[in-house]
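For reference, the structure is listed below as structure tokens.
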Amino acid sequence: MLRNHVEIITVLIAAVLCLILREPAAVCIVLALCIAALLAERVFSRMLLRRRIRKLTDYISAVQDDLTLPDMDSAKEGELGILHSEIYKVVALLREQYSTEKKQKQYMADMLADISHQLKTPLTAIQLMTELLEAPELSTENRLEYAEKIDSQLSRTNWLIRSLLTLSQLEAGVLKMKEEKVLLTDITDTLTDSLGIMAELRGVSLETDVPEDAAVTGDRHWLTEAVMNIVKNCIEHTSEGGWVRLRAESNNMVTRIFISDNGSGIDSKDLPYIFDRFYKAENASVQSVGIGLALARQIICSHDGSVEVKSEKGQGTEFTVSLYRMG
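First residue of the sequence shown: 1435, per our numbering; consecutive thereafter.
Next up, the structure:
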């Protein structure tokens, strides 16, 4: 609109100058040329506007099809340029939300498939043994044996379901961690009481060495759960006569817990995946479901900590858990 006013004023000035110079013919010529120029500019502007609108329409149509962001020579200035820029922002946001939702749906589908697969084995075993218990000719000894196996499978299933629910809550950020002072000696005392018998039965020496004042900020229950899962994994992969050691070092910022063993070690091709849910390495036991280390890592990450692993097949493994000290 402002540009049109400027053009009209320019035409009038030119006409006035011609009148001052007493050139009526020149006035007519100037007016005619200016009017022609204005009309040509108007026609050209409308053609350009239509072309831009058509491009914008094609752009919107492409966006509607699959939320793509096709290349388009957008206007540098003006309302169309602003409109194109806003459409681009909205589409980019929608595409990001769509991608996130798609990943979440795929994650849920994979998780449900994994859970179904993991529960299928113990439930099938329970069903078969229940059918065997119905046989009238079954001896009392066999009945007791099957009853114990059913109880064992039920306990395993219960643990699996609780672990999966906990892992899902941690991954979704629903399970909140307490912030309290946690002495490492409290953690080592608990895991020694809980895993000492397991280590003894396997002929594995369980050793701990942590400073009396070593402490971190976090949830005592869940940090103990994480460390116990790692130690348990080390015990399971250490042969009779071997050892599992837990030691800690602290500075002003971080407390590091080192959990090592001289067991079977981890193959290099398995190493990047050992913290993945349901991943089972080649040397995993038959009873393993591949969730303990995944749960441990998620708990530690929920405390803004980290866990790393170094291992060589046949040479043992060392886990390093890094947690912030109590302020």
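Ideal Cβ positions, reconstructed from N, Cα and C, are used throughout, including at glycine.
Only residues of its own chain outside the window of five on either side were considered, and among them Glu1752 have a CB closer than 6 Å to the CB of Lys1744, listed in chain order. Contiguous beta strand (DSSP E) elements confined to the region 1604-1681 occur at 1614-1617, 1639-1643 and 1649-1652, taking only those with 3 or more residues.
Going by beta carbons, Gly1750 and Asn1667 fall outside the 7 Å limit.
When Cβ pairs closer than 8 Å are counted between the two stretches, the region 1619-1628 is seen not to touch the region 1589-1597, the count staying below three. Going by beta carbons, Ser1756 and Val1688 fall inside the 7 Å limit.
Arg1654 and Thr1619 have their C-alpha atoms spaced approximately 11 Å apart. Listed as beta-bridge partners of Tyr1758 by DSSP are Val1688.
For Ser1573, no beta strand (DSSP E) encloses it, and the DSSP letter there is neither H nor E. DSSP places Ser1736 in the uninterrupted alpha helix (DSSP H) bounded by Gly1726 to Ser1736. Taking a C-beta distance under 7 Å as the contact criterion, Ile1669 and Ala1633 qualify as a contact pair.
Boundaries of the beta strand (DSSP E) around Ser1745: Ser1740 to Glu1746.
Per DSSP, reduced to three states, the secondary structure at Asp1701 is coil, with no helix or strand assignment.
Under the criterion of beta carbons closer than 8 Å, Thr1672 and Val1638 qualify as touching, at roughly 5 Å.
Listed as beta-bridge partners of Thr1564 by DSSP are no residues whatsoever. When DSSP states are grouped into helix, strand and coil, Asp1710 belongs to the coil group. A contact is defined here as three or more CB-CB pairs under 8 Å, and the region 1575-1586 fails this definition with respect to the region 1702-1709.
Only residues of its own chain outside the window of five on either side were considered, and among them Ser1756 and Leu1757 have a CB closer than 6 Å to the CB of Gly1739, listed in chain order.
With contacts defined by Cβ atoms closer than 7 Å, Val1665 and Leu1629 form a contacting pair. Pairing Pro1645 with Glu1683, the inter-Cα distance amounts to about 8 Å. With fewer than 16 other CB atoms across the displayed protein chains lying within 10 angstroms of its CB, Ala1526 is exposed. Excluding its 5 nearest sequence neighbours in each direction, Lys1747 has C-beta neighbours in its own chain below 8 Å: Ser1698, Gly1699, Ile1700, Asp1701 and Ser1702, listed in chain order. Of the residues Val1661, Arg1484 and Trp1677, the one whose Cα lies closest to the Cα of His1737 is Val1661.
Remark: C-beta atoms of Arg1681 and Asp1627 do not approach each other more closely than 7 Å. As computed with DSSP, Glu1752 is found in a beta bridge with Ser1694 and Lys1744. Taking the Cα of Gly1675 as reference, the smallest distance to any Cα among Asn1696, Tyr1522, Leu1609 and Gly1607 is reached at Asn1696. Glu1683 has Arg1690 as its beta-bridge partners, per DSSP. Thr1658 and Ser1519 have their C-alpha atoms spaced approximately 52 Å apart. The Cβ atoms of Leu1567 and Gln1732 do not sit closer than 7 Å to each other.
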